[in-house]
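Please read the structure below before turning to the comments.
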Amino acid sequence: MSQTFDDISHQLKRRHRKSARLKWMSMGALGLAGLFLLWFFSDMLNKGLPAFQQAYVQAEMHYSEEASKDGRKAIDKALVPVVSRTEVRGIPLMLRNNPDMIGDRETRWLLANSQVDQYLKDHRHKLSGNEVATVDNLVESGQVALKFNRAFFTQGDSKIAESAGILSAVVGTVMTMIVTLAIAFPIGVMTAIYLEEFAPDNRFTQAIEININNLAAIPSILFGLLGLAIFINFFGVPRSSPLAGGMTLALMTLPVIIISTRTALRSVPDSIRHAAFGVGCSRWQVVRDHVLPLAMPGIMTGSIIGLAQAMGETAPLIIVGMVAFIPDVGASFTNAATVLPAQIFTWASEPDQAFVEKTAGGILVLLSILIFLNASAVVLRKKFERRW
Amino acid sequence: MNSQAPQFSQQMAPTAGQPYTRNEQACHDLSIRVRDLNLWYGKNQALKNLNIDLFQKNVTALIGPSGCGKSTFLRCLNRMNDLIPSVHTEGLVEMDGRDVNAAKMDEVALRRRVGMVFQKPNPFPKSIYENVAYAPRMHDLVSRKVEQDELVEKALRDAGLWQEVKDKLQEPGTSLSGGQQQRLCIARAIAVQPDVILMDEPTSALDPISTATIEDLMDKLKEQFTIITVTHNMQQAARVADYTAFFHLGEIIEYNDTKVMFSTPAKKKTEDYISGRYG
Amino acid sequence: MQTNQLLLIFCTVLLLLGLVAFFVGRKKASRVRASGAAMYAQPDQYAWFAVLSTAGPAVLVGAVGSFALLLLGADIPPLYLLAASLVVAAAGLAVGVTQVKPQFHARQAIERVIRWILAGAALISIFTTFGILFSIISEALRFFQMHSFWDFITGTTWNPGASFLASAGRGDGGGAEFGSVPLFAGTFMITLIAMLVAVPVGLMSAIYMSEYAPRRVRTIAKPVLEVLAGIPTVVYGFFAAITVAPIIVNIAGFFGLDASYNNAVAPGVVMGIMIIPFISSLSDDVINAVPDSMRQGSLALGMTKGETIRDVVIPAALPGIISASLLGMSRALGETMIVVMAAGMRPNLTANPLEDMTTVTVRIVAALTGDQEFASAETLSAFALGLVLFAVTLTLNLVSVLMIRRFREKYRVNNL
């Protein structure tokens, strides 16, 4: 007779404890990963949300003759150290363009100096004791207040923290993505159609397949080297332009689009193809009229995910020079431009404390766009998901 | 334990769970007693009011058409059904005076005493030696390397595999042929020295020669273990089993001495099945 | 005339010719059909064939001509090229329209062309790989003409400081040294830290998701983990530099250790977090693909669930897990933004992760963002470093692919 249940259970106690430990450890690991994510997002929100608010100063403007030479003369002397330099600097130009305004008076909200802004947000600042007292007084009288930061969304980059905005980067991103998608989407879908529907299963096809999988895993910075050496130095595409950046990113996005398109095409059951062949369609007609429409949601989902990936990419763009300082919104695919992640990168290397929140603010904008893109990909997939 | 079973005359209806006829040569010590066992997959009842006494050191075959619940019943005996979340069991499965389904019963301890061999051979991705040595080592059945070597050799000999693998013990278990793999799985099961070995259609994935080897093996192993086997193959049941239970639609229609059942079945349904009218 | 004006003329004329081809072709085809002849294809298909035969050869001639003109420096006046391609277009139009006759198989002809276009698209991915290889190797070779390959591989000092003077014609560049050992040491240190974070957390998460978690938790946890991989690396870089690095410095200070703000731990840990989903996701798939019969075989021997996972499931899934880790490692080696923003710039050969050290990718970026001449040794060194990076990541990727293929064949799973 072998051991009784009780004997065995007794021996098992230690082993059961060990087994339970593995369960708790694995659960802990997942929890830890979740915690990282939570920490990351709360840190970003904490640092970035203040960027959407900005200190503004209410000032009595007096556009005197002197003000058309020196903008500082237009405002109360006491306010000069508090108001942003960019506001003051623009006044002479404005008066020169509209000479009939000279002599006018008005009350306006002006951008405050970044130091005032940082002080109001309880961040590190460089205001002297006197200036702090002035600001405190102004806050009490309601002349200085935190308001929604319009400049952040309506202006380009600036070396002066309070008037630096993301507009030129957003426009640059949109232009770069247009180039990327215009190249990667058709080529990617065509490649996938060829491999999935037309290609014979031979060495050459396998080579293309291995090559595509490999391209998907190559470090992105190497695509930057390719862009620099081939597109810029060899073909003479203008450096820093959305064209150069977009082409480089297109090559990077290509494998993502190819792989997801192939999956989408593969998920269309062969019975559909056979039915179409059965009514006398040619191979191309089968693909164009039957397979492709059914695979479209999957292709779109994959392309959006690829686009989101390209949108967050920075390293290859730095290599092709898209970290330029771009204060004005670009208008051409061949002019120097910057993109959102590159803007984040340049701001992150600014020494000024005020740029930390700008950076985090830019990050929040970028993350929101990416979350929106990915969420729409998920919704698209859910909506059109079909079980065959 | 109920070892003093009353003698039955042929064709007399027995009490619940007892076979209709006793095999004269067989051992009649009770191994597992099942009373009013019901089992549901979600809302589908798969086993209905099963009563059966399974005897030690016998081969009991469970036969019946596919989907009749014989494999499900087999998996109740070592609670492998626990792995399926939707399964719900009621009733008594008693072994060694303990309710197997009780909350207090440690299913790991139970499986330690009720081993199992599966339909498809499933050796671990380890060497032949490790496949056999792993479980006894974990169960502290061996403490020294020499003991372990001896145990592995004994288990492989008992499983009739020793001659074929003694020179390649370090090769992966998956390098063996299907029949050899299945015998390796049997060696693995007997190495932990269980009381009962459950076999779930152990030969259905094998060729006829391997099947014959395993059937011979079952005949030898019943000297040490209680063997309960599910089979699709009625000839196999007739060849290896001392007792046979016929399952149909989740019920035990007939439980009898194998020879009696195959010559003079007590129930019409059994006769129809055995004579091949359905199945 | 300007090139883009020429291009504009070319496109306009071609568009017009194409429209003419379409309508003439269709009209002729309809006429032929109306006359009662049985045709192989629809009128529209003949029309499209006419368009193709007009535009195809013309674009080809234009492209080949401008390629020769721009890149090979052939002496062809652009105006002649324009004229030649337009003549070809007109000829194509004539041919296309005359081909509209019942015996001609227009649809097959079109589909042959389509097939070639599709195959051409598929070739672009091959061109990309060759483009990367070609661009990196050719520039790297130029670098190795200036500095010896041996010094590059074994040198322990990376000091490109004086090289730009040499390329500007001042000094001989003698002070410049390109020994890449410290860069690779830094890269491997940071990768090691990343793997120390990512492999245990990723693997354990995968075990929880595939073996323990209820279905609902799994369907939520997996995409949430994927978010970690979707966060742009520049964002991680900022997080590592601004948030994590000071924490590391404080912790080190608490233990009386002196840590640099550009220490290797911060980028390493953050990179590890980024890689977690690469490892957890693939490992989870692989563990799920381990046949259930393995688990049942082990449980039936009286093993606990933990022992089953540790001794049976994980060893069975090991090739896939290693493959996932190699992919993650390749990702870490080539990761740029996190190290550019959070690691140091100073090549530093040390085993202390609390010191600042730099990596291959940091030096590539540094070499290419300065204002040097492109032909300077420092700029070219970026390509030499890129070449090594390419070779290493390619090897890792290929080994990873081979391992996962072996796993797939062993258990006959197709969806990995």
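Protein chains in written order, with numbering that gives the first Met the number 0: chain S, 0 to 387; chain E, 0 to 278; chain D, 0 to 415.
C-beta: ideal position from N, C-alpha, C; glycine also.
Per DSSP, residue i forms a beta bridge with which residues?
{"i": "S/L109", "result": "S/V56"}
{"i": "E/E250", "result": "E/H247"}
{"i": "S/K146", "result": "S/Q53"}
{"i": "E/P171", "result": "E/S126"}
{"i": "E/A60", "result": "E/T228 and E/T243"}
{"i": "D/E176", "result": "D/N158"}
{"i": "E/W39", "result": "E/Q44 and E/H87"}
{"i": "E/V92", "result": "E/V33"}
{"i": "E/F54", "result": "E/L29"}
{"i": "S/V82", "result": "S/A111"}
{"i": "S/H61", "result": "S/R104"}
{"i": "D/N262", "result": "D/D355"}
{"i": "E/V116", "result": "E/M198"}
{"i": "E/D98", "result": "E/E93"}
{"i": "E/D256", "result": "E/Y242"}
Run through chain E and tell me which residues come within less than 7 angstroms of residue i, C-beta to C-beta.
{"i": "S/L21", "result": "Here the premise fails: no neighbours, minimum Cβ distance about 14 angstroms."}
{"i": "S/F147", "result": "By Cβ distance, chain E contributes nothing, its closest Cβ being about 52 angstroms from S/F147, past 7 angstroms."}
{"i": "S/L11", "result": "D105, V107 and A108"}
{"i": "D/V311", "result": "F123"}
Thinking residue i and residue j are a contact (beta carbons under 8 angstroms), I'd like their distance in whole angstroms, please.
{"i": "S/G164", "j": "S/F151", "result": "5 angstroms"}
{"i": "E/V288", "j": "E/V86", "result": "The question about residue 288 of chain E has no answer, for chain E in this structure spans 0 to 278."}
{"i": "D/S134", "j": "S/I229", "result": "5 angstroms"}
{"i": "S/V429", "j": "S/V322", "result": "This structure does not reach residue 429 of chain S, given that chain S is present from 0 up to 387, and the question cannot be answered."}
{"i": "D/A28", "j": "D/V94", "result": "15 angstroms between Cβ atoms; not a contact."}
{"i": "E/K69", "j": "E/F224", "result": "The Cβ separation is near 19 angstroms, so there is no contact."}
{"i": "S/L314", "j": "S/I220", "result": "Residue 314 of chain S is actually Ala in this sequence, not Leu. Their Cβ separation, rounded to whole angstroms, is 4 angstroms, which keeps S/A314 and S/I220 in contact under 8 angstroms."}
{"i": "D/V200", "j": "D/I313", "result": "Rounded, the Cβ-Cβ distance is 15 angstroms, inconsistent with contact."}
{"i": "S/G47", "j": "S/A359", "result": "3 angstroms"}
{"i": "E/L168", "j": "E/Y128", "result": "4 angstroms"}
{"i": "E/L76", "j": "E/L197", "result": "6 angstroms"}
For the ligand ZN, is there any heavy atom lying closer than 7 angstroms to the beta carbon of residue i?
{"i": "D/F22", "result": "With respect to small molecules bound, the structure shown includes none, and the ligand ZN cannot be examined in it."}
I want to verify the contact list: residues of chain S whose CB lies under 9 angstroms from the CB of residue i, in sequence order.
{"i": "D/M340", "result": "F344, A347 and S348"}
Can you pull the chain S neighbours of residue i, defined as C-beta to C-beta under 7 angstroms?
{"i": "D/A120", "result": "I186, M189, T190 and Y193"}
{"i": "D/E138", "result": "A228"}
{"i": "D/Y396", "result": "Inspection of the sequence shows that residue 396 of chain D is occupied by Asn rather than by Tyr. Under the 7 angstroms cutoff, chain S gives N213 and A216."}
{"i": "E/R291", "result": "As displayed, chain E neither begins before 0 nor continues past 278, which places residue 291 of chain E out of reach and without an answer."}
Which chain D residues sit within Cβ distance under 7 angstroms of residue i?
{"i": "S/N373", "result": "G229"}
{"i": "E/P124", "result": "P314 and A315"}
{"i": "S/D121", "result": "Simply none; closest approach about 17 angstroms."}
{"i": "E/Y277", "result": "By Cβ distance, chain D contributes nothing, its closest Cβ being about 30 angstroms from E/Y277, past 7 angstroms."}
{"i": "S/K17", "result": "G305"}
Name, please, each residue of chain D whose Cβ falls closer than 8 angstroms to the Cβ of residue i.
{"i": "E/K119", "result": "S292"}
{"i": "E/A188", "result": "A299 and L300"}
Using a C-beta to C-beta distance shorter than 8 angstroms, which residues of chain E count as neighbours of residue i?
{"i": "S/S8", "result": "D105 and A108"}
Can you list the residues of chain E that residue i reaches, using a CB-CB cut of under 9 angstroms?
{"i": "S/T247", "result": "Residues of chain E passing the Cβ test: none, with the nearest at roughly 44 angstroms."}
Can you pull the chain D residues whose beta carbon is under 9 angstroms from the beta carbon of residue i, in chain order?
{"i": "E/G41", "result": "The contacting residues do not exist; E/G41 stays about 15 angstroms from chain D at best."}
{"i": "E/G114", "result": "A299, L300 and G301"}
Q | chain S contacts from the segment 207-221 of chain D (Cβ-Cβ distance under 9 angstroms) | A | Y207, M208, E210, Y211, A212, V216 and A220
Q) In the segment 135-169 of chain E, which residues sit with their C-beta less than 8 angstroms from some C-beta in chain D, listed in chain order? A) M137 and H138
Q | Contact set between the segment 253-283 of chain S and chain D, restricted to residues whose Cβ is under 8 angstroms from the partner | A | L253, P254, I257, S281, R282 and W283
**Q.** Contacting positions in the segment 175-186 of chain E - beta carbon closer than 8 angstroms to chain D
**A.** C184
Q. In chain order, what residues of the segment 67-96 of chain E put their CB closer than 7 angstroms to some CB of chain S?
A. D95
Q | Start-end ranges of the alpha helix (DSSP H) lying completely within the segment 5-51 of chain D, minimum 4 residues | A | none
Q.
In chain order, what are the residue ranges of uninterrupted alpha helix (DSSP H) at least 4 long that sit wholly in the segment 153-229 of chain S?
A. 166-192, 202-216 and 219-225
(Q) Just to confirm the assignment: which complete alpha helix (DSSP H) runs, minimum length 4, are found wholly within the segment 59-128 of chain D? (A) 77-97
Q.
Restricting to runs no shorter than 4 residues, where is the alpha helix (DSSP H) found entirely within the segment 187-229 of chain D?
A. 214-229
(Q) My parser needs the alpha helix (DSSP H) runs of 4 or more residues fully inside the segment 308-343 of chain S; what are they? (A) 314-318
Q. Taking the runs of the alpha helix (DSSP H) that are 4 residues or longer, which of them lie wholly in the segment 229-291 of chain D?
A. 232-238, 244-253 and 264-288
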